[in-house]
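Since the structure comes first, as structure tokens, the remarks are kept for the end.
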Amino acid sequence: MRTKLAVLLILLLVTAGCGSRQISHESFMREGVSLAYVQRVAVLPLENLGGGAGQAERVREIVITQVLASGLFDVADKGRVDSVLREEAIAPGAAIEDATLRRLGQTLGTEAFILGSVEQGTESRGGAAYPEINLTLRLVDSESGLILWQASGRGSGYSVSDRLFGTTPKSAFQVTLELVNSLLRSMH
1 MRTKLAVLLI LLLVTAGCGS RQISHESFMR EGVSLAYVQR VAVLPLENLG
51 GGAGQAERVR EIVITQVLAS GLFDVADKGR VDSVLREEAI APGAAIEDAT
101 LRRLGQTLGT EAFILGSVEQ GTESRGGAAY PEINLTLRLV DSESGLILWQ
151 ASGRGSGYSV SDRLFGTTPK SAFQVTLELV NSLLRSMH
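Just so you know, we're using the numbering used here here: the sequence shown kicks off at 1 and counts up by one.
In structure tokens form, the structure reads like this:
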């Protein structure tokens, strides 16, 4: 009986460790700065470093949704943000001067901006393909242009338990959602 219990316990521990998805990140928070003054942000278009057309825009939508859902900040309407960026002739991923950031912040009524870059691909292991996402987000003060917070992370749909038990791996959407939430939690 004890042998069966020991084997069952070891099996549970092994499969629990196998079930974890691969999400890793590093973050930076500017020392001595409280984010309490930031009430409203604009999420600017993300730079697409690789992946399908529209990938950066899909991730931007997830970031907006998760910032709102987490209650971190209020978010300026994406359509209004895009309209103002077109008026200013600012291309997605282009560097923005401090004076332009101030003007954008005043026009949109935001204290800060969320910017970043995304790269989506697939990794192959054992004949199967899994989504892999690399994402960097940063919160930039609209007055000073200082980076208040930045986080970079990698998420993968690969899981040993999926391989062992033949379960369906997480989709690119699910991996992106987990990664965005992981990065945003590092802001607290």
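Ideal placement from N, C-alpha and C gives every residue a C-beta, glycine not left out. All of these numbers come straight from a predicted model, not from anything done at the bench.
**OP:** Below 8 Å CB to CB, which residues in the same chain sit around Glu178 once its five sequence neighbours on both sides are set aside?
**Re:** The answer, listed in chain order, is Arg21, Ile23, Gly155 and Lys170.
Subject >> Rounded straight-line distance, which links the Cα of Ile133 to that of Gly121 >> reply: Roughly 6 Å between the two C-alpha positions.
Subject >> Pairwise C-alpha distance: Val118 and Gln106 >> reply: Each residue's Cα considered, the two are about 27 Å apart.
Original post:
Taking DSSP as the reference, what is the three-state secondary structure of Glu26?
Top reply: Strand at Glu26.
Original post:
Hey, quick one: how far does the beta strand (DSSP E) through Ser152 stretch, first residue to last?
Top reply: Counting along the chain, the beta strand (DSSP E) containing Ser152 begins and ends at Ile147 to Ser156.
**OP:** Note down, one range per segment and in chain order, each alpha helix (DSSP H) of at least 4 residues found wholly within the stretch 84-119.
**Re:** Runs of the alpha helix (DSSP H) inside the stretch 84-119: 98-108.
**OP:** Just mark Thr110 as buried or exposed, buried being the case when its beta carbon has 16 or more other beta carbons within 10 Å.
**Re:** Buried, since its Cβ has 16 or more Cβ neighbours within 10 Å.
Original post:
Tell me, which residues are paired with Arg138 by DSSP?
Top reply: DSSP output for Arg138 lists Leu115 and Gln150 as bridge partner(s).
Original post:
Which residues in the same chain as Val63 place their Cβ atom closer than 6 Å to its Cβ, once the five residues preceding and following it in sequence are excluded?
Top reply: Answer for Val63: Val43 and Val180, listed in chain order.
Original post:
Over what stretch of residues does the alpha helix (DSSP H) that includes Val43 continue unbroken?
Top reply: Per DSSP, Val43 lies in no alpha helix (DSSP H) segment; the continuous beta strand (DSSP E) that holds it begins and ends at Arg40 to Val43.
**OP:** Tell me, please, which residues DSSP counts as bridged to Pro131.
**Re:** For Pro131, which the question treats as bridged, DSSP gives the partners Thr122.
Original post:
Roughly how many angstroms lie between the CA atoms of Glu47 and Gly127, to the nearest whole one?
Top reply: Near 30 Å, if we compare the C-alpha coordinates of Gly127 and Glu47.
Original post:
Thinking C-alpha only, which one of Ser70, Arg80, Gly52 and Ser182 is nearest Ala151?
Top reply: The closest CA to that of Ala151, considering only Ser70, Arg80, Gly52 and Ser182, is found on Ser182.
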